[in-house]
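Engineer:
Protein chains: 2
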Amino acid sequence: MATIQDVARLAGVSTATVSRVISGRGYVSPASREQVLAAADALGYMPNGMARGLKTQRSGLIALLVPEIVNSFYTTISRGVEDVANVSGLHVILGNTDESVAKERAYVELMISTRVDGVIIAPAGRTATSLEPLLANSVPTVLVDRSVSGFPADVVRADSITGAQTLTRHLLALGHRRIALINGHRDTSVARDREAGFRTALAEAQVEIDERLISSGTWFIDDAEARTGAILDEDTPPTAILAANNFMAIGALRSLRERGRRIPQDVALACFDDIPDAAEVDPFLTALAQPAYTMGTLATRLLLERISGTFRDSPREIVLSSHLLIRRSCGAQLGESVVGLNVELGPDGDGRSPDRPAVLPAGKPAVLA
Amino acid sequence: MATIQDVARLAGVSTATVSRVISGRGYVSPASREQVLAAADALGYMPNGMARGLKTQRSGLIALLVPEIVNSFYTTISRGVEDVANVSGLHVILGNTDESVAKERAYVELMISTRVDGVIIAPAGRTATSLEPLLANSVPTVLVDRSVSGFPADVVRADSITGAQTLTRHLLALGHRRIALINGHRDTSVARDREAGFRTALAEAQVEIDERLISSGTWFIDDAEARTGAILDEDTPPTAILAANNFMAIGALRSLRERGRRIPQDVALACFDDIPDAAEVDPFLTALAQPAYTMGTLATRLLLERISGTFRDSPREIVLSSHLLIRRSCGAQLGESVVGLNVELGPDGDGRSPDRPAVLPAGKPAVLA
DNA sequence: CTGTTAGCGCGTTCAC
DNA sequence: GTGAACGCGCTAACAG
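Chains as they are written, first to last, in my numbering: chain A, 10 to 378; chain B, 10 to 378.
#1: Taking only three categories from DSSP, how would you classify Leu103(A)?
#2: Looking only at its chain, what residues have a beta carbon closer than 7 Å to the beta carbon of Arg67(B), apart from the 5 residues adjacent to it on each side?
#3: By DSSP, does Phe229(A) sit in helix, in strand, or in coil?
#4: With a threshold of 8 Å on Cβ separation, who are the neighbours of Ile218(A) within its own chain once the five nearest residues in sequence on each side are excluded?
#5: For Arg325(B), which residues in the same chain have their Cβ closer than 7 Å to its Cβ, ignoring the five residues on either side in sequence?
#6: Helix, strand or coil for Glu326(B)? Go by DSSP, reduced to three states.
#7: Relative to the C-alpha of Leu119(B), which residue among Ala60(B), Ala288(B), Ile71(B) is closest?
#8: For Asp163(A), which residues does DSSP report across the bridge?
#9: For Asp291(A), would you say it is in contact with chain B, using Cβ-to-Cβ distances shorter than 8 Å as the test?
#10: Which runs of the alpha helix (DSSP H) at least 4 residues long sit entirely within the region 289–341 of chain B? Give them in chain order.
#11: Does any residue of chain A bring its CB to less than 8 Å from the CB of Met257(B)?
#12: Which residues, in chain order, does the region 118–152 of chain A contribute to contact with chain B at a C-beta distance below 7 Å?
#13: Using the C-alpha atoms, what's the distance from Leu143(A) back to Gly35(A)?
#14: How far does the alpha helix (DSSP H) with Leu176(A) in it reach, from first residue to last?
#15: For chain B, is any of its Cβ atoms less than 8 Å away from the one on His194(A)?
#16: Could you tell me which whole beta strand (DSSP E) segments of length 3 or greater appear in the region 103–131 of chain A?
#17: Measure the alpha-carbon distance for Trp228(B) versus Asp202(B) and round it to whole angstroms.
#18: Just checking, does the region 295–305 of chain B make contact with the region 262–282 of chain B on the three C-beta pairs under 8 Å criterion?
#19: Return the CA-CA distance between Leu334(B) and Ala94(B), expressed in angstroms with no decimal places.
#20: For a contact defined as C-beta to C-beta under 8 Å, what are the partners of Arg88(B) on chain A?
#21: Against chain A, which members of the region 43–66 of chain B pass a CB distance test of less than 7 Å?
#22: Name the DSSP beta bridge partners of Ser87(A), please?
#23: When DSSP builds the beta bridges, which residues end up paired with Ile72(B)?
#24: Could you name the residues of the same chain whose beta carbon sits closer than 8 Å to that of Thr306(B), not counting the 5 residues immediately before and after it, in chain order?
#25: Here's the rule: buried if 16 or more other CB atoms are within 10 angstroms of the residue's CB, otherwise exposed. What is Ser97(B)?
#26: Can Leu241(A) and Arg268(A) be called in contact, C-beta distance under 8 Å?
#27: Beta carbon of Val444(B), beta carbon of Asp154(B): below 8 Å?
#28: Give a yes or no on whether the C-beta atoms belonging to Pro247(A) and Arg187(A) are separated by under 8 Å.
#29: Compute the distance between the beta-carbons of Leu140(B) and Val117(B), then report whether it is under 8 Å.
#30: Starting from the C-beta of Ser169(B), find all residues in its chain whose C-beta is less than 6 Å away, skip the five residues before and the five after it, and write them out in chain order.
#31: By alpha-carbon positions, which one of Ala253(B), Ile223(B), Leu103(B) ends up nearest to Thr175(B)?
#32: Under the DSSP definition of a beta bridge, which residues are partnered with Ser224(A)?
#33: By how many angstroms is the C-alpha of Pro161(A) removed from the C-alpha of Leu222(A)?
#34: Counting only Cβ-Cβ distances shorter than 7 Å, please list the residues of the region 299–321 of chain B near chain A, keeping chain order.
#35: Kindly say whether Asp242(A), judged by its beta-carbon, lies nearer than 8 Å to any beta-carbon of chain B.
#36: For Ile78(A), which residues of its own chain have a beta-carbon under 8 Å away from its beta-carbon, when the five flanking residues on both sides are left out?
Here it is in structure tokens:
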């Protein structure tokens with residue numbers, strides 16, 4: 010692979026001149042510029058990012074660490090991140106942590122070794138121990154979706170407490186009193202917030218809380234399936250189920266199917282996180298759709314400000330609200346009045362996310378300010 | 010950020026010794042090793058990947074370039090790629106080309122500058138012009154899903170000709186004679202193959218081909234929606250629609266809904282690429298499920314062989330077969346005999362992909378051979 | 001077993 | 001306007 014030296018030799022100039030032409034910094038005579046450009050083209054020269062990064066202390070890369078990229082919620086966040094990053098000439102390295110703090114830690118260390126310019130992460134753990142190296146090495150970091158205690162970084166997340174209240178109130182308004190919560194891992198802030206909102210809504214309605222109906226474990230589909238099954242097999246099963254995310258909903262769905270329970274006739278089902286493709290094929294699952302794309306774009310904007318040093322104050326927290334999409338899985342009537350704000354009616358919600366732009370920004374790479 | 014020199018100074022040894030301890034290559038006395046490890050730990054030392062890469066001519070990164078990561082088909086491929094890459098200590102940079110040859114070219118150049126160790130790509134164009142820099146710089150490359158003419162690289166793809174035949178025969182067996190094909194961009198090999206298989210199946214059945222029923226354009230949902238609409242609004246609309254991928258199916262679905270056509274009573278609908286989440290919520294769309302996860306893992310294996318030099322012969326092509334998942338959208342009876350191999354019966358197909366392992370490999374990073 | 005040395009390819013002073 | 005020279009942090013000989 011041709012180096013800057015090869016180009017310099019062919020163009021009959023010094024490497025400094027080539028560098029000036031390629032990076033566009035510094036004065037070069039039009040004549041030399043032509044020579045260099047011609048030589049670079051002839052050789053198919055591509056600057057070595059590692060050498061450049063070693064010198065400039067910048068890789069032009071940011072890391073996005075999510076629990077599971079196969080989950081459309083995180084995929085959508087990733088598009089938001091990439092679209093904003095690319096406009097600033099940054100590119101995104103993606104990593105799946107599989108909800109494992111150990112894997113997360115390994116990725117964090119790898120990213121530091123890669124000398125990424127910043128990290129956006131949906132942390133798996135309750136504490137920040139796996140993120141500590143980021144702080145120690147002062148790598149700009151932004152948390153998305155989830156927060157952790159005691160880690161001083163910007164956060165972009167949705168309001169899960171209010172969200173859970175909205176969903177629970179919807180079920181209560183439909184007459185349900187025995188509502189099960191199939192929650193994710195309590196180490197994550199969203200799981201704790203969703204449980205809190207759930208309890209608050211029940212308390213508001215003066216519905217006694219049956220602790221056997223509240224289940225938490227991992228965020229994996231199979232686990233949700235098993236836990237839902239256990240609850241359904243009890244003496245007094247719930248009449249409604251609230252799943253803490255789209256994967257939990259799929260697990261619950263499997264469990265209900267195995268038992269031949271009809272939705273919503275036998276059991277109502279609602280969940281956090283829309284499943285856009287599924288909604289598109291059959292607008293069925295009533296869901297609280299979080300603004301995933303926006304979470305990605307905002308998180309990246311905050312990160313860019315940290316990277317460029319435009320913003321140096323103490324951590325910011327951006328809390329976004331979500332939309333209730335009322336569809337068929339809870340048996341709500343079309344057009345009925347509903348409790349809660351941000352309600353989007355229409356049981357056949359068209360599934361087009363209001364969150365993600367239909368036409369994506371072109372993403373012409375530009376230089377980071 | 011601490012450097013190898015800082016560690017050497019604190020440990021009272023030379024940088025070479027530190028390097029030996031950190032990279033695990035070469036002999037070091039237990040005593041020195043302890044010193045180094047302690048110093049590294051105290052300083053929170055993380056080796057600089059760019060400096061290392063500059064020296065070793067290896068970044069430890071591979072690039073995966075896909076048209077749209079939000080499409081579950083490509084997401085699943087990406088998991089396959091990551092799972093295999095991580096086992097070899099490689100990590101994955103992801104890029105969306107948005108079906109644009111220009112964006113693809115920009116990414117290719119960026120990846121060469123990043124000095125990725127290899128590239129896996131689902132190319133957007135018909136020719137290899139945007140990939141040419143990879144060849145010129147002899148960057149190991151593997152094509153997934155799609156192939157392009159005149160580019161000497163390993164290919165891992167599914168058999169779209171046979172696939173389209175299988176889907177078309179299924180529709181023919183159900184009595185359909187006016188079948189529309191909503192195809193993707195003819196610049197992609199899969200679009201051409203799918204059209205070829207479609208035509209072959211019709212010819213086999215001695216069904217005259219009405220060219221007005223064959224439509225190609227982009228791979229975007231909105232475009233598929235518009236083209237489906239145009240065909241549905243003709244004098245003699247089709248009784249069945251074959252969508253060339255999951256996104257095309259969603260576009261067709263929208264178009265059918267807007268016109269109040271019922272599926273399958275008024276129009277049958279089948280497509281390439283399963284939509285796992287949607288199938289999970291409601292196993293509705295009859296689809297030809299391609300082994301996406303396996304495509305990702307195999308492509309990565311081939312790439313690793315190229316990177317390590319284990320395999321140097323001329324390009325290989327791996328062609329995988331797909332499964333027909335018969336569900337409700339075509340009105341097939343449960344248990345009826347079906348034309349074509351690799352048929353998986355069961356209109357309520359459980360949606361669990363046989364392709365992707367339920368438990369993912371742990372992915373302990375190891376050194377690339 | 002360990003230290004010295006020489007670059008990997010680039011950007012960046014500092015002279016000219 | 002341009003070139004010479006240094007060093008970013010690391011690994012790989014080569015001595016010792």
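Every residue, glycine too, gets a C-beta built ideally from N, C-alpha and C. Fair warning: this is a prediction, and the values are worked out from it, not measured in the lab.
Structural biologist: Taking the coordinates as given:
#1: Reading the first sequence from its first residue, position 94 is the one you call residue 103(A). Annotated three-state conformation of Leu103(A) is strand, per DSSP.
#2: Stepping through the second sequence from its first residue, residue 67(B) is reached at position 58. Within the same chain, and ignoring the five residues on either side of Arg67(B) in sequence, the residues whose Cβ sits closer than 7 Å to its Cβ are Asp126.
#3: As a first step, residue 229(A) must be located in the first sequence, where it is residue number 220. Looking at Phe229(A) - three-state DSSP - the assignment turns out to be coil, as it is neither helix nor strand.
#4: Stepping through the first sequence from its first residue, residue 218(A) is reached at position 209. For Ile218(A), where only same-chain residues beyond five positions count, the Cβ hits under 8 Å are Arg208, Leu211, Ala212.
#5: Looking up residue 325(B) in the second sequence gives position 316. The answer, listed in chain order, is Asp163, Leu311.
#6: Counting from 1 along the second sequence, the entry for residue 326(B) is found at position 317. The answer is strand: DSSP assigns Glu326(B) an E or B state.
#7: Position 110 of the second sequence, counted from the start, is the residue given in the question as residue 119(B). The residue from Ala60(B), Ala288(B), Ile71(B) with its alpha-carbon nearest to that of Leu119(B) is Ile71(B).
#8: Within the first sequence, numbered from 1, the residue matching residue 163(A) stands at position 154. Bridge partners of Asp163(A): Val151(A).
#9: Indexing the first sequence from 1 puts residue 291(A) at position 282. So, interface residue.
#10: Qualifying alpha helix (DSSP H) stretches, in chain order: 301–317.
#11: Counting from one through the second sequence, the residue named residue 257(B) turns up at place 248. The beta carbon of Met257(B) does not come within 8 Å of any beta carbon belonging to chain A, so the residue lies off that interface.
#12: For the region 118–152 of chain A, which is checked against every Cβ of chain B, the residues closer than 7 Å are Glu118, Leu119, Ile121, Ser122, Thr123, Arg124, Pro142, Ala145, Asn146.
#13: Here residue 35(A) refers to the residue found at position 26 of the first sequence. Here residue 143(A) refers to the residue found at position 134 of the first sequence. Rounded to whole angstroms, Gly35(A) to Leu143(A) spans 35 Å at the Cα level.
#14: As a first step, residue 176(A) is located in the first sequence; it is residue number 167 there, counting from the start. 169–182 is the extent of the alpha helix (DSSP H) around Leu176(A).
#15: Locating residue 194(A) in the first sequence gives position 185, where the first residue counts as 1. No, no contact with chain B.
#16: Scanning the region 103–131 of chain A for uninterrupted beta strand (DSSP E) segments of 3 residues or longer gives 127–130, listed from N- to C-terminal end.
#17: Taking the first residue of the second sequence as 1, we reach residue 228(B) at position 219. Taking the first residue of the second sequence as 1, we reach residue 202(B) at position 193. C-alpha separation (whole angstroms): 15 Å.
#18: Between the region 295–305 of chain B and the region 262–282 of chain B, the count of Cβ pairs shorter than 8 Å is three or higher; the stretches touch.
#19: As a first step, residue 334(B) is located in the second sequence; it is residue number 325 there, counting from the start. As a first step, residue 94(B) is located in the second sequence; it is residue number 85 there, counting from the start. So the alpha carbons of these two residues sit roughly 30 Å apart.
#20: To locate residue 88(B), count along the second sequence from 1; it is residue 79. By Cβ distance, chain A contributes Ile78, Val79, Asn105.
#21: Of all residues in the region 43–66 of chain B, the ones placed with a Cβ closer than 7 Å to any Cβ belonging to chain A are Gly53, Met55, Pro56, Asn57, Gly58, Met59, Ala60, Gly62, Leu63, in chain order.
#22: Start at 1 with the first residue of the first sequence, and residue 87(A) comes out as number 78. None, per the DSSP bridge assignment.
#23: As a working note, residue 72(B) is residue 63 in the second sequence. With the sequence shown as reference, residue 72(B) is identified as Ala, and Ile is not the correct amino acid for it. Paired residues: Ile102(B), Val128(B).
#24: In the second sequence, the residue the question calls residue 306(B) occupies position 297. Taken in chain order, the residues that qualify are Gly89, Val90, Asp92, Val93.
#25: Here residue 97(B) refers to the residue found at position 88 of the second sequence. Around the CB of Ser97(B), 16 or more other CB atoms lie within 10 Å, so the residue is classed as buried.
#26: Along the first sequence, one-based indexing puts residue 241(A) at 232. Along the first sequence, one-based indexing puts residue 268(A) at 259. The answer is yes: Cβ separation under 8 Å.
#27: Since the first residue shown for chain B is 10 and the last is 378, residue 444(B) is missing from the structure and cannot be characterised.
#28: Counting from one through the first sequence, the residue named residue 247(A) turns up at place 238. Counting from one through the first sequence, the residue named residue 187(A) turns up at place 178. Result yes, Cβ atoms of Pro247(A) and Arg187(A) sit closer than 8 Å.
#29: Position 131 of the second sequence, counted from the first residue, corresponds to residue 140(B). Position 108 of the second sequence, counted from the first residue, corresponds to residue 117(B). Here Leu140(B) is near Val117(B), since their CB atoms are less than 8 Å apart.
#30: Indexing the second sequence from 1 puts residue 169(B) at position 160. Only Val199, Asp202, Arg203 meet the Cβ criterion.
#31: Along the second sequence, one-based indexing puts residue 175(B) at 166. Taking Thr175(B) as reference, the option from Ala253(B), Ile223(B), Leu103(B) with the minimal CA-CA separation is Ala253(B).
#32: One-based indexing of the first sequence puts residue 224(A) at position 215. Paired residues: Ile191(A).
#33: Within the first sequence, the letter at position 213 stands for residue 222(A). Within the first sequence, the letter at position 152 stands for residue 161(A). Using only the alpha carbons, I get a separation of about 35 Å.
#34: Only those residues of the region 299–321 of chain B whose C-beta falls short of 7 Å from the nearest C-beta of chain A would be listed, and there are none.
#35: One-based indexing of the first sequence puts residue 242(A) at position 233. So no, Asp242(A) is outside the interface.
#36: Taking the first sequence and counting its residues from 1, one reaches residue 78(A) at position 69. If you ignore the 5 residues before and after Ile78(A), its C-beta comes within less than 8 Å of the C-beta of Thr84, Ser87, Leu103, Asn105, all in its own chain and listed in chain order.
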